[in-house]
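Only one structure is covered here, and it is reproduced in the block below.
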Amino acid sequence: MAGTSTLMALKATTLARDTADAAAADRSRDALVLVRDYLDQNGYVAAAAELRREGGKTLGRYETVENMDLNYLIVEVEEYRELKFGRRPKFTRRVETEDDDDSKFARGAASKNQSAARRRSEMDAAKRKEQREKARKKSGFSSGVLGTMERKLGVDADRPPPDPADPAIDSLSVGVAGANPNRAGAGGGGGGMELSLGGSAMNLQPPPAAPTKNNNEEEEEEAFMQRRILKPLPTFGGDADLRALGETITRDILQSSPNVKFEQVVELDDAKRILREAVVMPLKYPQLFTGLLSPWCGILLYGPPGTGKTMLAKAVASECSTTFFNISASSIVSKYRGDSEKLMRVLFELARYHAPSTVFMDEIDAIMSTRGGGGGNDSEHEGSRRMKTELLIQMDGLASGSEHVFVMAASNLPWDLDPALLRRLEKRVLVPLPGEKGRLAMLEGNLTEQPCEEGLELGVVAKGTEGFSGADIKLLCKEAAMRPVRRLLGKLEELEAAEEGGVVDEERVNLLIQGNPITQADMERSMECTNKSSGGSVYDAKYEAWSKEFGST
Ligand SMILES: Nc1ncnc2c1ncn2[C@@H]1O[C@H](COP(=O)(O)OP(=O)(O)OP(=O)(O)O)[C@@H](O)[C@H]1O
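Residue numbering for the sequence shown is 2 to 554, as defined by my numbering.
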């Protein structure tokens, strides 16, 4: 009898344990499905795919039931705890790790970026309202629920989005094993993802990349950019093709921070002035640029190759911390041939989504030369025609939209450009070859870190390089700097042979380099074997003539 009751007790315990195990497994599966669907809905395509891969077929058989998602659960728990305990629960807290000085850094960045954020906030208040409304519709929550969520995080509808560095703001960390850190294409911050209320809608945001040094303005600016671009992709109305294209653009075209300063660009004062006036200032002082003075939407930089057009575009993006989309028109033609029309649409959608943004289109003549008819290009491919039309439509949209998206196009052949595009590129700025002074400054800049012999006369080189572009000067310096290295190679081989392991230590190599500076003869020899790449005076005259007719400064 005693034996039977022991057996029954054992059975009951086993049954209870099995039931508890089954419930735990269900909970675990539910959590994964909820996270997966949340990632999907918020554009974390790669992370969701990774979760699918790890979850295998079993996970694939489940989906979140209607009227249920992660947001909803969080709100439920919050409201329940508030009712029961009189205060809302904290789901997460910020942690500092040894190798991730993130929060200290982010606090520094927060104070530096405060004034910029204030400026942005004024511009963006209306936009945020609109986004809140969209998010509310998307999440299916009433505005009251969203309001409650925002209050919990101290977010005011008309205040700027909370800074993730603010320790007062809680965020929910969701570990996604194996999540692709490059999901947003900018060297993301690893597998962990952070659920935060970015002003209104809940987004799973990967944490900002941890910088290596603190208190450095450039790096802070870069971290700000990282946070901005690590937003998840927009959903593109659920269109899988567009979303895939969005992923590609984010990976290939969007740059976190070009990190080029205006001071690094030699000469080109006119171009710098116009760019400051057209982009930098309107972002800093939006109240000055309204109505008739609304900022320019498009600028064309034209001139010989290698004169600093790309550098200028990057300087603009860095100076105003705009998200930088750098696309070479020839790559649109070769790489996205069948998709080029869609690419344009997705590119501009992403630019608006990450606004303020700068879209830089290099070699614009490759896609926007004069359309069929007048230019004699009647055989123009239909797809290419549609792509051009799409670009024009998108540019028109910029003028009427509220987002700050600024298009910079560059061309070496402005006379080939379609007049319809020219009309939309309101400012057209010549980026000419550098003068003698400019060339000297470039020579000095390029050779700053190279050991040069005492009394090296760079002025002579500057005089003798008439017609050279900045890129040519860089090549010339590289060639000159190679010459002492070539002289050293023989010596290094001898030393290697004598050295155990066949490697000469770094210090010794450095000493050898210091004792072998660039000489005047090296510079002269380099001038002899480096040619200018631009077309010379015929082209110069053509630029001048076009400038007179179409340029604007
Ligand atoms: N004004 C300049 N100041 C400093 N460096 C310059 C300048 N112009 C050119 N350079 C040097 O030349 C390189 C190439 O310049 P950049 O790519 O900006 O030229 P680009 O005008 O865009 O050329 P392309 O028309 O061929 O695209 C730069 O990385 C830089 O080293």
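From the three backbone atoms N, C-alpha and C, an ideal C-beta is built for every residue, glycine too. Because the structure is a prediction, the values reported are computed rather than measured.
query	result
If you measure between the beta carbons of residue 272 and residue 430, is that distance less than 7 Å?	yes
Any idea what DSSP makes of residue 429, helix, strand or coil?	strand
When you compare the CB positions of residue 299 and residue 424, do they come within less than 7 Å of one another, or not?	no
Quick check on the DSSP output: the alpha helix (DSSP H) that includes residue 73 runs from which residue to which?	71-86
Which residue's Cα is closest to the Cα of residue 246: 457, 341 and 263?	341
Hey, which unbroken runs of the beta strand (DSSP E) at 3 residues or more fall wholly within the segment 284-319?	299-303
Can you tell me whether residue 283 sits near ligand 1, meaning its C-beta is under 6 Å from at least one heavy atom of the ligand?	no
Give me, in chain order, the residues of the same chain whose beta-carbon lies closer than 7 Å to that of residue 90; leave out the 5 immediate sequence neighbours on both sides.	78, 79 and 82
Are residue 40 and residue 48 closer than 7 Å when you measure CB to CB?	yes
Would you decide whether residue 469 is buried or exposed? Buried here means 16 or more other CB atoms lie within 10 Å of its CB.	buried
Under a three-way DSSP split, which group does residue 10 fall into?	helix
May I ask which residues mark the beginning and end of the beta strand (DSSP E) holding residue 511?	Unbroken run through residue 511 is the alpha helix (DSSP H), 507-515; no beta strand (DSSP E).
If I follow the unbroken alpha helix (DSSP H) through residue 271, where does it start and stop?	270-276
According to DSSP, simplified to helix, strand and coil, what is residue 414?	coil
Identify, in the order they occur along the chain, each residue of the same chain with its Cβ nearer than 7 Å to the Cβ of residue 307, setting aside the five sequence neighbours on each side.	470, 471, 472, 473 and 534
Have a look at residue 478 and residue 467 and give me their C-alpha separation to the nearest angstrom.	15 Å
Please tell me whether residue 251 and residue 318 are closer than 7 Å, where the distance is taken between their beta carbons.	no
Mind listing, in chain order, the residues whose beta carbon lies closer than 5 Å to a non-hydrogen atom of ligand 1?	266, 267, 306, 307, 308, 309, 310, 311, 312, 471, 472 and 475
What residue does the beta strand (DSSP E) around residue 326 start on, and which one ends it?	324-329
Does the distance from the CB of residue 413 to the CB of residue 361 come in under 7 Å?	no
Report the rounded CA-to-CA distance for residue 404 versus residue 282, giving the unit in angstroms.	15 Å
Looking at residue 263 and residue 314, is the spacing between their C-beta atoms short of 7 Å?	no
Looking at C-alpha atoms only, which residue of 386, 416, 292 and 50 is the closest neighbour of residue 400?	292
State yes or no: is the beta carbon of residue 31 nearer than 7 Å to at least one beta carbon in chain C?	Protein chains in the displayed structure number just one, and chain C is not present.
With DSSP collapsed to three states, give me the class of residue 365.	coil
Is it buried or exposed for residue 136, if we count other Cβ within 10 angstroms and need 16 for buried?	In this prediction, residue 136 has a pLDDT of 44, which is less than 50 and means its spatial position is unreliable; what the coordinates show is noted afterwards. It counts as buried.
Where do the N-terminal and C-terminal ends of the alpha helix (DSSP H) with residue 419 fall, by residue?	Unbroken run through residue 419: none, as it is neither H nor E.
Is residue 212 helix, strand or coil by DSSP?	Confidence in residue 212 is poor, its pLDDT being 40 and thus under 50, which makes the residue's placement too unreliable to answer from.
Quick one, which of 366, 484, 406 and 504 has its alpha-carbon nearest residue 349's?	406
Helix, strand or coil, according to DSSP, for residue 349 in the structure here?	helix
Over the uninterrupted alpha helix (DSSP H) stretch that includes residue 435, give me the two end residues.	Where residue 435 is concerned, there is no enclosing alpha helix (DSSP H), given that its DSSP letter is neither H nor E.
DSSP on residue 251, reduced to helix/strand/coil?	helix
Where do the N-terminal and C-terminal ends of the alpha helix (DSSP H) with residue 527 fall, by residue?	521-530
With DSSP as the reference, identify every bridge partner of residue 359, one or two as the case may be.	325 and 407
Excluding the five sequence neighbours on either side, which residues of its own chain have a C-beta within less than 7 Å of the C-beta of residue 152, listed in chain order?	Interpretation of residue 152 is limited by its pLDDT of 40, a score under 50 that renders its predicted location unreliable; no figure is taken from the coordinates.
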